[in-house]
Amino acid sequence: MPSALDDVGLKLDDGGGGGARRRRRRHRLIPQALWMALISYRCDAYSTHSARRPILRCATATTISMGLEVKIRMVGRKNGGEVAGVRILNVRRPLSTHYHKNDVELIRGIEADESKNHKVVLLDPLGRPRTSEVFSEDMYRWLDEGGSRLTFVIGGAEGLPREVKERGVSRNVEYGDDDIYSPIR
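So that you can map any letter, position 137 of the sequence shown is 143 in the numbering used here, and since no number is skipped, the others follow by simple counting.
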């Protein structure tokens, strides 16, 4: 089955199983842009980028089989509502989610990832909005630049700390102060 993933050398395996009810539930809980970027493929001549519910018309689910290392760093508590989406996404591709109590710990975590040559991407509610398609294309580029190592830093309700934004201008972080990703439309 040809897919957008073939362009970057990713291999798709048939995940098998999984009913429509489970697929619908998974679609509601996972942030759509992250889901589409990790599992972007065509199914029965039906593009996932052109529909509201991309997985419902597909006969089988597929998963990515390669050594990706994707981290999500955020300030907050572990039992928030976003955990359910990450927990279900871990069935598809294991992610490591790191929760930090304050901004100082978040900055230390980002520094640790930068020292390991991870590509760091800032996500902020006050940033510039992008479409899911653009996010998906950018994610492939980031994985290529970071050697399949990618870290998303999610800002809180007030946005990312100023220190993190300032570091983004001069470091390995993808977007600077005025060009940070916001939640996808």
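Using N, Cα and C, we set each Cβ at its ideal position, and we do this for glycine too.
Cα-Cα separation between residue i and residue j, rounded to whole angstroms
i: H106; j: V126; result: 16 Å
i: V159; j: M80; result: 6 Å
i: R136; j: W148; result: 16 Å
i: K171; j: D130; result: 10 Å
i: E164; j: G82; result: 12 Å
i: H104; j: I113; result: 12 Å
i: E143; j: E169; result: 28 Å
i: F141; j: R134; result: 12 Å
i: G161; j: E111; result: 13 Å
i: P167; j: T157; result: 16 Å
Proximity below 7 Å, CB of residue i to CB of residue j
i: H124; j: R173; result: no
i: S102; j: K77; result: yes
Assigned exposure category for residue i - 16 Cβ within 10 Å defines buried
i: D119; result: buried
i: G115; result: buried
i: G152; result: buried
Sequence-distant residues of the same chain with beta carbon closer than 6 Å to residue i, five excluded per side
i: E75; result: R155
Cβ shell of residue i (< 8 Å), same chain only, five flanking positions each side left out
i: D109; result: V81, P167, E169 and V170
Identify every run of the alpha helix (DSSP H) within the segment 98-173, keeping only runs that are complete inside it and at least 4 residues long; order them along the chain.
Entirely contained in the segment 98-173, the alpha helix (DSSP H) runs reaching 4 residues are, in chain order, 109-121 and 138-151.
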